[in-house]
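Following the numbering used here, the numbering of the sequence shown begins with 5 at its first residue and continues without gaps. Before any comments, here is the structure.
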Amino acid sequence: MAGSDPTPQVVIRRSQLGRARGLGSARAGSGHWWVQRVTALALVPLSLWFIANMMRMEGSGAETVARWLHGPVSLVLLLCLIIASFWHMALGLCVVIEDYVHRESARLALVLAVRGGSVVLALLCTVAALRLGL
């Protein structure tokens, strides 16, 4: 029986903008976006520098690489490459996980694993570079 429901029906008419406003700020990801672009921009010259140096030392022994890392410029640039690489990797993987993993618990676990794994690997690479370079 239509109309026998005692609860009043309220129809709220809102514009598309009004409905979208409650879904989150459009600026929430802008910091993430900028950091990803800055790390990508930093990785271009750092990667070219690293590849050129590795090609130059092709066939050399471990002593040559260690001697190369003893220079302060080489060590600092290598540390920048390590940090930028793992930071950029973590940002990109987290975006993929957040976009394609739909279960909240799985998404949270994967994002935490990626971030934690990135930190651990970056620290291991940093320690290895410092041990060779100092």
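The C-beta atom is built at its ideal place from N, Cα and C for all residues, glycine as well.
Taking the alpha helix (DSSP H) that E67 falls in, what are its first and last residues?
A66 to L73
Identify the continuous alpha helix (DSSP H) that holds E102 and give its terminal residues.
P76 to Y104
What did DSSP end up calling M58 once you bin it into helix, strand or coil?
helix
Given that a residue counts as buried once 16 or more other Cβ atoms are within 10 Å of its Cβ, and exposed if not, what is I86?
buried
Taking the alpha helix (DSSP H) that A127 falls in, what are its first and last residues?
According to the sequence displayed, residue 127 carries Leu and not Ala. Looking at the DSSP string, the run of the alpha helix (DSSP H) that includes L127 is E108 to G137.
Taking contact to mean 3 or more Cβ pairs, one atom from each stretch, closer than 8 Å, check whether the region 118 to 133 and the region 92 to 99 are in contact.
Contact holds: three or more Cβ-Cβ distances are below 8 Å.
The region 68 to 87 in contact with the region 41 to 54 per 3-pair CB rule at 8 Å
yes
Residue of S109, L114, F90 and S89 minimising C-alpha distance to I101:
For the residues S109, L114, F90 and S89, the minimum Cα distance to I101 belongs to L114.
Let me know if S51 comes out buried or exposed under the rule of 16 or more other beta-carbons within 10 Å of its beta-carbon.
exposed
Please identify the residue among V80, S89, S64 and A132 whose C-alpha is closest to the C-alpha of V39.
S89
Can you grab the Cα-Cα spacing for the pair C98 / T130, in whole Å?
Approximately 22 Å between the Cα atoms of the pair.
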